[in-house]
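This report concerns only the one structure given below.
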Amino acid sequence: MAHRCFHRTGIPSFLRTPFKCRRQWVSSFLLDNEPFNNYEEHRKKMQNFSVPEYFNFARDVVDFWGSDRVINNCAGVQSKIYIGQKSDTLPGWKNYKELMDKSTEEFETINSRSDEPMTLYFTSGTTGAPKMAEHTHGSLGFGHFVTARYMLDVFHNDVVWNISDTGWAKAGYSSLFATWLRGACVFAHQTNRFDAGEFLEILDRNQAINVFCVPPTALRLIVKENLSKYSHLYKVKCLSAGEPVNPELLEEWQEGTRGGHVYEAYGQSETVFLCGTYPCIKIKPGSMGKPAPGIDLEIVDEEGNILPNNVEGNVGLRVKPHRPVGLFTKYVDDEKRTQSVYQGDFYMTGDKAVRDDDGYFWFVGRADDIILTAGTEKYKTKDEGELRKELQEHVKSITAPYKYPRKIDFVEELPKTVSGKIRRVELRNREWGRE
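Residue numbers for the sequence shown follow the UniProt record's numbering, beginning at 1 and rising by one.
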């Protein structure tokens with residue numbers, strides 16, 4: 001099976017192109033939408049993978065030049081297609097619009113099996129190098145029914161606006177598979193940067209939009225605006241995923257929208273929707289919600305044994321005796337890593353959480369992102385909210401004294417993944433002199 005690579009995909013043209021690949025028995029993989037200022041990182045992502053055709057959705061000419069530099073150093077690329085102005089197209093590249101103008105309506109759809117590869121996602125890489133997770137026609141094409149029904153809760157008369165970067169799996173969740181499986185409409189807006197005020201104006205002008213998918217990073221900027229002047233917001237279902245949304249942020253949205261809720265969703269590049277605060281359950285601010293119907297999610301120990309309620313453990317997805325449809329097949333060219341995520345009857349998500357007596361899950365942190373303080377394990381996410389206030393003294397006053405941070409560095413910005421998550425592995429490398 002051939003593969004196609006899509007990069008710089010934050011524009012509406014992205015919505016139609018991958019589906020043409022599906023009809024041609026062609027799989028695709030998606031790269032992130034960050035600027036092409038890290039040539040080595042993008043080269044590493046592609047160097048060991050055969051990509052006959054490369055689609056570039058550059059946002060400007062400078063960005064296009066950057067991608068050209070990367071692709072010229074990647075073996076195996078036979079065709080380079082640029083989606084942008086014909087006058088900006090560099091030598092050696094084909095222009096997408098020109099090809100579309102020459103195309104015909106005649107097309108033969110090639111039959112494919114549900115277990116054949118369809119899409120490859122790079123994981124976010126919060127605690128290590130991004131991995132390439134392979135999904136099939138079945139795992140995304142059918143597995144996302146649970147996403148459509150319980151995460152988005154959409155029908156044919158709904159309009160969904162998802163502002164997540166299209167190189168992130170969340171775009172597959174909300175802009176492609178789940179939305180169209182239910183016959184809903186996708187709203188798309190092309191922009192070079194995120195502007196909270198502009199996005200709120202768009203929501204208010206286009207009142208057909210009733211589902212708004214927004215990462216927590218963007219939501220933090222949105223709630224700083226005067227939400228009360230936008231009359232349509234209280235009618236919009238706001239959905240967030242990617243990292244926990246703190247209760248203060250939920251409260252700010254609720255106050256600004258006169259009672260609106262932020263529904264949280266938990267899933268991974270390797271899965272479909274697993275757990276969340278979907279509309280038919282009571283919202284507990286700060287929790288991950290409950291597993292979706294049909295999703296057997298448990299809190300387990302390192303050997304895959306189920307733990308009792310209110311005991312911290314690993315978030316595990318049951319794969320035996322019946323493997324979930326929406327689970328990825330493997331990490332490409334990394335059998336050892338693929339096997340390492342299974343323990344007993346469970347796929348180990350790599351996240352730590354607690355389940356309460358009502359069946360709600362509460363996120364604790366990444367299993368491989370632990371701080372050792374005075375010989376005791378604790379998770380970074382537990383302290384992030386405390387550090388925002390009065391730092392060391394405040395932490396001492398509200399928790400055990402040994403937990404306070406001995407050293408605090410102030411930086412202009414934190415390194416983040418394309419989905420807005422902090423790249424803790426990069427922070428560790430800086431501290432340990434591994435740069």
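We put the CB at the ideal spot given by N, CA and C, even for glycine. Note that the coordinates shown come from a computational prediction; the quantities given were computed from them, not determined experimentally.
- prompt: Ile299 to Val325, Cα distance in whole Å?
  reply: Those two C-alpha atoms are separated by around 20 Å.
Proximal residues to Asn309 (C-beta, below 7 Å), its chain only, five neighbours per side dropped: Excluding its 5 nearest sequence neighbours in each direction, Asn309 has C-beta neighbours in its own chain below 7 Å: Arg355, Asp356, Asp357, listed in chain order.
query: Between which two residues does the beta strand (DSSP E) containing Ser340 stretch?
result: Residue range 335-340 is occupied by the alpha helix (DSSP H) that includes Ser340, with no beta strand (DSSP E) assigned at that position.
task: Check whether the region 153-167 touches the region 131-144, counting contact only when three or more Cβ pairs, one atom from each stretch, lie closer than 8 Å.
output: Contact between the region 153-167 and the region 131-144 is absent, because fewer than three Cβ pairs lie under 8 Å.
- prompt: On the three-state DSSP scale, how would you describe Leu239?
  reply: Three-state DSSP puts Leu239 in a strand.
message: So, with DSSP's three-state summary, where would you put Asp115?
response: Residue state for Asp115 is assigned as coil, using DSSP reduced to three classes.
query: Which residue from His232, Glu243, Phe194 puts its Cα closest to that of Ile222?
result: Measuring C-alpha to C-alpha distances from Ile222 to each of His232, Glu243, Phe194 identifies Phe194 as the nearest.
message: As an exercise, report each continuous beta strand (DSSP E) stretch of at least 3 residues that is fully enclosed by the region 209-280, in chain order.
response: If one requires a minimum length of 3 residues, the beta strand (DSSP E) runs lying completely within the region 209-280 are 211-213, 237-241, 262-266, in chain order.
query: Just curious, the alpha helix (DSSP H) that Asn429 is in, first and last residue?
result: Element bounds for Asn429: 424-431.
field: Distance, Arg366 Cα to Lys421 Cα
entry: In this structure, the alpha-carbon of Lys421 lies about 12 Å from that of Arg366.
task: Quick one: grab the DSSP three-state call for residue 459.
output: Residue 459 lies beyond the stretch modelled for the chain, which goes from 1 to 435, so this question has no answer here.
- prompt: Going by other Cβ atoms of all chains shown within 10 Å of its Cβ, with 16 needed for buried, is Ala178 buried or exposed?
  reply: Buried, by the Cβ-count rule.
message: For a test of the three-state rule: what should DSSP assign to Val190, helix, strand or coil?
response: A small correction: the amino acid at residue 190 is Gln; Val does not occupy that position in the sequence shown. Reduced to three states, the DSSP call for Gln190 is coil.
query: With respect to the alpha helix (DSSP H) encompassing His135, which residues constitute its N-terminal and C-terminal limits?
result: If you look at His135, you'll find it isn't in any alpha helix (DSSP H); it sits in the beta strand (DSSP E) that goes 132-136.
query: Taking Cβ to Cβ, would you say Cys238 is nearer than 8 Å to Tyr263?
result: With respect to the 8 Å criterion, Cys238 and Tyr263 are classified as neighbours on the basis of their beta carbons.
- prompt: Is it true that the region 314-324 meets the region 112-126, where meeting means three or more beta-carbon pairs spaced less than 8 Å apart?
  reply: Contact between the region 314-324 and the region 112-126 is absent, because fewer than three Cβ pairs lie under 8 Å.
- prompt: Run through DSSP, which three-state label would Arg149 get?
  reply: Note: Arg149 maps to helix in three-state DSSP.
message: What residue range does the beta strand (DSSP E) around Ala353 cover?
response: From DSSP, the beta strand (DSSP E) with Ala353 extends over 346-355.
message: Using CA atoms only, rank isn't needed, just tell me which of Gly276, Arg323, Leu274, Tyr342 is closest to Gly304.
response: Nearest in C-alpha terms to Gly304, of all of Gly276, Arg323, Leu274, Tyr342, is Tyr342.
field: Euclidean distance between Cα positions of Lys102 and Gly260
entry: C-alpha of Lys102 to C-alpha of Gly260: approximately 48 Å in a straight line.
message: So, with DSSP's three-state summary, where would you put Leu140?
response: Annotated three-state conformation of Leu140 is helix, per DSSP.
field: Cα-Cα separation, Arg59 to Pro291
entry: The pLDDT assigned to Arg59 is 46, lower than 50, so where the model puts this residue is not dependable, and the model offers no usable value.
- prompt: Is there contact here, the region 83-99 with the region 139-156, by at least three beta-carbon pairs under 8 Å?
  reply: No: fewer than three Cβ pairs fall under 8 Å.
- request: Note down the Cα distance separating Pro244 from Arg337, rounded to an integer number of angstroms.
  value: Spanning the two alpha carbons is a distance of roughly 26 Å.
message: Whole angstroms are fine: how far does the CA of Trp253 sit from the CA of Asn157?
response: Taking the straight line from one Cα to the other gives about 25 Å.
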